[in-house]
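Asker: First the structure, then my questions, so here it is.
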Amino acid sequence: MGRPPGDRAAPNTFAAEAIAEGVINTEAAMKILERIFIVVLALIADSRVGPAACAANPCGYDLTSPDAIYTLPAALREISALTYVDPVTLVCVEDEHGVLYTYNPATNLITAQKTFGADGDYEGIARVAQTIYVLRSDGRLIEIADYSSAVPQVKFYNTGYPQRITKGSAMTGRVTGY
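The opening residue of the sequence shown carries number 11 in the working numbering; numbering runs sequentially from there.
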């Protein structure tokens, strides 16, 4: 690019120059940005970091001395990810089947069960308002809008990210595998 060494332009300026110089076309750039946005949204939508995380969960929590231990119902033995939907309710995704379970740990009851897709290898889950996002190991992202309704709206997105990228993403909060 036509930039002197050490000149640091804003990222959008850099992208505009790349498009102008023919390094990448606008359509390809938009597809890349869309994929990055969807994956980042799914990974961080329901997470807190820094002081906010410490306020909700005291820093230095002793994992060898938990506040509580829960024995899950048999249907939840194969869940691969979970997220809070309110202070007492979790939504869990089953590892091998396209099923969401709504679970109350205080009562140890599954309060709802919804099928959202075919069998697959589901790895991660995140919630934004009334929408649940589920990530499959093959990079496919599933959006389940109004997940608690009788008939939630389900959309599928092909992110283009391979299995080595998505494994463990929900647990670490970052994309791995490079």
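We put the CB at the ideal spot given by N, CA and C, even for glycine. All values reported here derive from a predicted model rather than from experimental measurement.
Take residue 170 as the anchor and find which of 93, 152, 70 and 148 has the nearest alpha-carbon.
Answerer: Checking every option, the nearest Cα to that of residue 170 belongs to 148.
Asker: Got a sec? Which residues, its chain only, sit under 8 Å from residue 161 by beta carbon, not counting five neighbours each side?
Answerer: None.
Asker: Rounded to the nearest angstrom, what separates residue 167 and residue 88 at their Cα positions?
Answerer: Going by the C-alpha atoms only, they are around 24 Å apart.
Asker: Give a yes or no on whether the C-beta atoms belonging to residue 112 and residue 95 are separated by under 9 Å.
Answerer: For residue 112 and residue 95, yes; Cβs fall inside 9 Å.
Asker: When you compare the CB of residue 164 with every CB in chain C, is at least one pair closer than 9 Å?
Answerer: Judged by its chain identifiers, the structure shown contains no chain C, having just a single protein chain.
Asker: What's the C-alpha gap between residue 74 and residue 31?
Answerer: So the alpha carbons of these two residues sit roughly 56 Å apart.
Asker: For the beta strand (DSSP E) that residue 79 lies in, which residues bound it at each end?
Answerer: No beta strand (DSSP E) holds residue 79; DSSP gives it neither H nor E.
Asker: Is it true that the CB of residue 114 sits closer than 9 Å to the CB of residue 98?
Answerer: Their beta carbons are under 9 Å apart, which means residue 98 touches residue 114 by this criterion.
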